[in-house]
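Some notes on the structure that comes next.
There are 2 protein chains.
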Amino acid sequence: MDTIGDLRDFGGADAYLSQCASRTVLVALANKWTCLLVSALGDGPVRFGGLRRQLDGITQKSLTQTLRTMERDGLVLRTVYPTIPPRVDYELTDLGRSVIALMAGIKSWSEQHVEEILAARERFDQRAAEEPQPVLPT
Amino acid sequence: MDTIGDLRDFGGADAYLSQCASRTVLVALANKWTCLLVSALGDGPVRFGGLRRQLDGITQKSLTQTLRTMERDGLVLRTVYPTIPPRVDYELTDLGRSVIALMAGIKSWSEQHVEEILAARERFDQRAAEEPQPVLPT
DNA sequence: CAGCATCCAATTGGATACTG
DNA sequence: CAGTATCCAATTGGATGCTG
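Protein sequence lines correspond, in order, to chains A and B.
Just so it is clear: in the first sequence, position 131 is 131 by our numbering, and no numbers are missing.
Just so it is clear: in the second sequence, position 121 is 121 by our numbering, and no numbers are missing.
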């Protein structure tokens with residue numbers, strides 16, 4: 001093994017380092033809307049309105065912003081049909097498709113383990129409430 | 001197939017729904033620090049200071065907060081040694097270990113595809129700059 | 001329909017000071 | 001060492017109104 005071989009993963013990128021460009025990629029992926037959008041787009045092209053309905057709770061602003069960022073990052077292809085009223089399709093690029101497994105994985109892990117986590121939260125909050133309070137001078 | 005069979009994944013949890021508890025789990029996972037912390041804790045117990053050094057750019061406040069949330073969610077086990085000076089170890093629980101693959105996967109995907117994404121960003125910004133500007137009345 | 005622009009409230013994040 | 005507490009700046013997010 002050569003001396004620097006172990007240090008480099010891929011061209012030396014290391015998301016642990018705040019100045020490494022890969023950190024910006026990780027930040028782009030690691031947020032709820034990107035995760036849910038990649039999952040939703042995993043089945044094929046969807047229109048703006050369709051995504052808005054599927055991602056319950058997202059605002060028009062956040063949807064537009066997240067889609068733009070994903071388009072800029074090369075994850076999403078945006079197709080505008082010059083019809084009236086306008087129609088815009090969004091679909092994953094090859095690059096985008098290569099993250100489906102990870103993003104959909106997070107979504108389904110969340111769904112599979114909700115109960116376990118809710119229980120853990122209750123236990124934690126219960127312990128915290130039972131904890132001896134610092135004595136106050138009476 | 002029964003009528004509700006297709007609708008339920010796991011007890012009916014669906015992170016697409018804003019009111020579903022699984023959405024809160026997804027939100028907890030889908031952020032940069034949780035992603036990097038799970039990855040960092042994947043190798044075994046680490047002390048607070050060690051994590052702070054490894055996760056370049058994290059503040060003490062964010063580190064404490066994220067670790068507390070993860071502890072509350074049952075992903076992390078916190079062990080305090082009553083020594084002077086104090087020493088605190090953090091390690092993943094079984095539940096936490098079951099997300100390592102996903103979180104570390106995001107980190108390494110980011111590192112593997114940085115260049116591709118940086119190139120996509122440049123192309124996008126280039127196109128945007130070249131776009132015909134709306135005519136202004138002279 | 002699929003946006004953009006704007007205003008404003010709320011949450012997040014950093015810097016700093018102090019403690020068992 | 002491993003925090004807590006606080007203040008304050010910055011970013012995010014929602015609500016609303018308008019447009020090709």
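Note that beta-carbon positions come from the ideal geometry of N, C-alpha and C, so glycine has one too.
Scanning the segment 35-115 of chain B for uninterrupted alpha helix (DSSP H) segments of 4 residues or longer gives 48-54, 60-72, 94-97, listed from N- to C-terminal end. Contact annotation: the segment 70-78 of chain B does not touch the segment 28-47 of chain A, with fewer than three C-beta pairs closer than 8 Å. A direct Cα-Cα distance of roughly 10 Å separates GLU122 of chain B from ALA128 of chain B. Each residue's CA atom was taken as its position, placing LEU29 of chain A and THR59 of chain A some 19 Å apart. Around the beta carbon of VAL80 of chain A, fewer than 16 other beta carbons lie within 10 angstroms, which makes this residue exposed. With contact defined as three or more Cβ pairs closer than 8 Å, the segment 12-24 of chain A and the segment 42-62 of chain B are in contact. When the beta-carbon positions are compared, LEU26 of chain B and LYS107 of chain A come within less than 8 Å of each other.
Counting along the chain, LEU17 of chain B sits inside no alpha helix (DSSP H), nor does DSSP assign it H or E at all. Secondary structure of GLU130 of chain B (DSSP, three-state): helix.
Judged by beta-carbon spacing, VAL38 of chain A lies within the 8 Å limit of MET103 of chain A, meaning their Cβ atoms are closer than that value. One Cα belongs to HIS113 of chain A, the other to GLU130 of chain A, and the distance between them is close to 26 Å. Less than 8 Å separates the beta-carbon of LEU63 of chain A from that of LEU51 of chain A.
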